[in-house]
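Report on one structure; see the data block that follows.
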Amino acid sequence: MTSDELDRIIRGKNINFLIGSGASVGVYKTLSFGEKYPTFEELVCHKELTDDARIILYMYYFLEIIEPMNELNINELNNEKEMSVCENYYKLVQILYEYLQAESNETPKRINIYTTKYDLLFEKTYHSI
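Residues in the sequence shown are numbered consecutively from 3, following the numbering used here.
This is the structure we're talking about:
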């Protein structure tokens, strides 16, 4: 399928994207502790886990995963991998923005982006454009 054929199919339609948590790997940590270990979700959902242990796991999740997302300044990145990931986000959002700008006033102008995890890279990217 060519880009013109794809454009003809989706033009004027609502467009939805589902972005997996792996999209931000290199910038943000995932919920994996490594191949040989259970994931964060598997630990938190374990039926023998006490409420206190679950609270500690959620505190870890907030302090090690969520809070660093908020502190990241995409304009001050030094790591090549981080810069590459942020550049990919920027390219996607820029393409979608240009696509919406090319739509006429008679057709719907909606693109929804859903993520499988709390991902502030999209918010930071929107603010940078």
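Don't be surprised by glycine CBs; every beta carbon is placed ideally from N, CA and C.
Let's see if you can read the secondary structure: which residues bound the beta strand (DSSP E) around ASN18?
Within the sequence shown, the letter at position 16 stands for residue 18. The continuous beta strand (DSSP E) containing ASN18 extends over residues 17-21.
How far does the alpha helix (DSSP H) with THR127 in it reach, from first residue to last?
Within the sequence shown, residue 127 is the residue found at index 125, counting from 1. First-last of the alpha helix (DSSP H) with THR127: 122-130.
Distance check for ASP121 and THR4, CA to CA, integer angstroms please.
Within the sequence shown, the letter at position 2 stands for residue 4. Within the sequence shown, the letter at position 119 stands for residue 121. If I take the Cα positions, the gap works out to 31 Å.
Beta-bridge pairing of VAL29 - partner residues as DSSP gives them:
Taking the sequence shown and counting its residues from 1, the one referred to as residue 29 is at position 27. Residue pairing by DSSP places VAL29 in no beta bridge whatsoever.
Within the chosen definition, does the region 73-82 reach the region 98-109 through at least 3 CB pairs nearer than 8 Å?
As far as the Cβ criterion goes, the region 73-82 does not touch the region 98-109, which means the pair count is below three.
Give me the DSSP bridge partner(s) of ILE115.
Counting from one through the sequence shown, the residue named residue 115 turns up at place 113. Beta-bridge partners of ILE115 (DSSP): PHE19.
Specify the secondary structure class of GLU78 as computed by DSSP and reduced to three states.
Taking the first residue of the sequence shown as position 1, residue 78 is located at position 76. Residue state, collapsed to three classes: helix.
CA-to-CA distance, PHE35 to ASP53, given in whole angstroms:
In the sequence shown, the residue the question calls residue 53 occupies position 51. In the sequence shown, the residue the question calls residue 35 occupies position 33. Rounded to the nearest angstrom, the two C-alpha atoms are 21 Å apart.
Which residue marks the beginning of the alpha helix (DSSP H) containing ILE11, and which one marks its end?
Sequence index remark: in the sequence shown, residue 11 carries index 9 (1-based). Element bounds for ILE11: 5-12.
Of the choices VAL27, ILE11, PHE64, whose alpha-carbon is the least far from that of GLU89?
The residue you call residue 89 lines up with position 87 of the sequence shown. Among VAL27, ILE11, PHE64, the Cα nearest to that of GLU89 is on VAL27.
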